[in-house]
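To start, the structure itself, in structure tokens.
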Amino acid sequence: MTIPLSRPPVDDEIKEAVLAAIEGRQYILGPQCKELESELARHTGVKHAVLTSSATAALWMIMRGLGVRAGDEILTPSHTAFPTIEAICFAGATPVFVDADDWFTMDPKDAAARITPRTVGIVPVHLYGQPVDVPAIQDVASARGLWLLEDCAQAQGAAWDGRRVGSFGVAAALSFYPSKNLPAMGDGGAVLTSDDNLAARCRRLRDHGRLNKDVHAEIGFNLRFNELQAAALRVLLRRLDAMNDQRRSLAARYAQGLRDLPLTLPAEREHARHVYHLYVVRTPRRNELAAFLKDRGIQTGIHYPVPTHRQPAVEALRPATLARTERLVEEILSLPMSAHHTPAEIDQVTAAVREFFAR
Ligand SMILES: Cc1ncc(COP(=O)(O)O)c(C=O)c1O
Numbered sequence: 495m496t497i498p499l500s501r502p503p504v505d506d507e508i509k510e511a512v513l514a515a516i517e518g519r520q521y522i523l524g525p526q527c528k529e530l531e532s533e534l535a536r537h538t539g540v541k542h543a544v545l546t547s548s549a550t551a552a553l554w555m556i557m558r559g560l561g562v563r564a565g566d567e568i569l570t571p572s573h574t575a576f577p578t579i580e581a582i583c584f585a586g587a588t589p590v591f592v593d594a595d596d597w598f599t600m601d602p603k604d605a606a607a608r609i610t611p612r613t614v615g616i617v618p619v620h621l622y623g624q625p626v627d628v629p630a631i632q633d634v635a636s637a638r639g640l641w642l643l644e645d646c647a648q649a650q651g652a653a654w655d656g657r658r659v660g661s662f663g664v665a666a667a668l669s670f671y672p673s674k675n676l677p678a679m680g681d682g683g684a685v686l687t688s689d690d691n692l693a694a695r696c697r698r699l700r701d702h703g704r705l706n707k708d709v710h711a712e713i714g715f716n717l718r719f720n721e722l723q724a725a726a727l728r729v730l731l732r733r734l735d736a737m738n739d740q741r742r743s744l745a746a747r748y749a750q751g752l753r754d755l756p757l758t759l760p761a762e763r764e765h766a767r768h769v770y771h772l773y774v775v776r777t778p779r780r781n782e783l784a785a786f787l788k789d790r791g792i793q794t795g796i797h798y799p800v801p802t803h804r805q806p807a808v809e810a811l812r813p814a815t816l817a818r819t820e821r822l823v824e825e826i827l828s829l830p831m832s833a834h835h836t837p838a839e840i841d842q843v844t845a846a847v848r849e850f851f852a853r
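Under this note's numbering, the first residue of the sequence shown carries the number 495, and numbering increases by one thereafter.
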């Protein structure tokens with residue numbers, strides 16, 4: 495049987511919550527969404543959560559709300575999902591690509607070196623479930639009066655020194671894409687912030703720039719969320735910490751099973767609570783290993799094979815060469831990981847990887 499890269503949860507409690515929301519007959523931004531917004535804000539330790547259609551939408555709304563303008567430069571890691579970059583471009587600003595550190599996240603020293611008089615903010619990405627070096631990035635931002643917008647799409651529930659990511663910057667974006675740590679049955683996302691004005695502005699932007707039913711104060715868009723997804727997410731948010739514990743326990747099982755192989759395993763930073771959105775190993779024999787596992791019914795992924803600064807869509811920006819990012823994308827491989835994989839499946843993957851290196 496195939497072992498998928500990720501497996502979203504489905505069970506009776508989730509189905510019943512969705513059925514009850516169907517009976518509610520109020521499908522857009524109704525009571526389930528309101529409750530979920532309060533619960534998400536409380537879970538992260540911020541004042542407001544604003545549900546929206548995706549993390550891409552959340553990132554865009556936040557940057558619009560922060561008054562980003564054409565010509566503004568925003569520092570962000572190249573090694574991220576393309577939507578991080580896309581949202582910056584869509585907000586009218588210019589992404590300035592930063593190289594990766596030893597943990598695959600934004601290198602604070604390289605970020606500091608790329609600041610110019612046009613730089614207005616930093617969008618660090620807590621990649622694969624691991625927080626960036628939070629104090630180092632905060633220092634870079636505060637030394638130059640830059641805002642911090644945390645991309646938490648891959649790290650909901652992760653923490654630095656016991657404090658959740660998403661609570662360190664002026665705002666943060668969450669994603670509920672089905673493989674994410676808090677998975678919906680479709681697309682979804684949220685803005686997190688403790689800034690009252692920014693939260694109000696995002697609420698307006700997600701609903702056609704509306705001040706009220708009849709008055710549109712600005713051009714927004716339809717980026718609303720819906721009750722069926724919110725009902726399911728409320729059930730899963732109650733389980734998020736336990737689901738993340740399960741990911742951590744499967745990661746520990748991988749670490750035990752894969753020790754002593756010529757394979758670089760994910761390292762956990764001191765101070766960080768890693769929530770293993772992905773379990774990413776590194777080997778120069780990546781393509782061979784992926785093909786070997788595929789032949790044995792084991793799905794793997796590459797997050798991401800083409801660095802964002804090398805994407806044709808941003809060619810016109812003529813981004814700099816980023817040596818570490820360009821090297822690591824040749825060697826990374828994501829092994830099956832979710833809160834709903836079994837220890838036996840992890841053992842099966844581990845045995846196959848060991849067999850590959852034993853040949
Ligand atoms: C780091 C990161 N940022 C942003 C996004 C965009 O999320 P969404 O698909 O919810 O728009 C993703 C999703 O792949 C992501 O991994």
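Don't be surprised by glycine CBs; every beta carbon is placed ideally from N, CA and C.
Backbone CA spacing between residue i and residue j [nearest angstrom]
i	j	result
Gly683	Ala666	11 Å
Arg763	Arg536	25 Å
Ala833	Asp708	44 Å
His469	Gly703	As displayed, the chain neither begins before 495 nor continues past 853, which places residue 469 out of reach and without an answer.
Asn738	Leu534	16 Å
Leu727	Ala594	32 Å
Val614	Ser661	19 Å
Leu783	Ala761	20 Å
Thr578	Thr819	16 Å
Thr844	Pro498	14 Å
Val562	Thr546	20 Å
Pro618	Gly559	18 Å
Asp735	Ala678	16 Å
Ala551	Leu717	7 Å
Arg697	Leu731	22 Å
Glu824	Arg780	7 Å
Phe576	Phe719	22 Å
Ser532	His542	7 Å
Val659	Tyr798	22 Å
Leu621	Asp681	19 Å
Asp701	Val504	30 Å
Burial state of residue i (16 or more Cβ within 10 Å)
i	result
His771	buried
Glu517	exposed
Gln520	exposed
Pro778	exposed
Ile631	buried
Gly539	exposed
Ile826	buried
Gly656	exposed
Glu839	buried
Thr574	buried
Ser743	exposed
Pro625	buried
Delimiting residues of the beta strand (DSSP E) encompassing residue i
i	result
Pro760	Neither: Pro760 is in no beta strand (DSSP E) and is coded neither H nor E.
Glu567	567–571
Gly615	613–616
Leu829	826–829
Ala549	Here Ala549 belongs to no beta strand (DSSP E); instead the alpha helix (DSSP H) covers 549–559.
Residue interval of the alpha helix (DSSP H) (run including residue i)
i	result
Ile516	506–518
Thr822	Strictly speaking, residue 822 in this sequence is Leu, with Thr absent from that position. Leu822 -> alpha helix (DSSP H) spans 817–822.
Tyr748	721–751
Leu545	From DSSP, Leu545 is part of no alpha helix (DSSP H) but of the beta strand (DSSP E) over 542–546.
4 or more residues per run - each alpha helix (DSSP H) lying fully within the region 620–686
Within the region 620–686, the complete alpha helix (DSSP H) runs of at least 4 residues are 628–637.
Residue ranges of each alpha helix (DSSP H) within the region 574–609, 4 or longer:
The qualifying runs are 576–584, 602–607.
Taking three-plus beta-carbon pairs below 8 Å as touching, is the region 787–795 in contact with the region 549–567?
No: the two stretches stay apart, fewer than three of their Cβ pairs being nearer than 8 Å.
Counting Cβ pairs closer than 8 Å, one from the region 740–758 and one from the region 635–644, do we hit at least three?
No, the region 740–758 is not in contact with the region 635–644.
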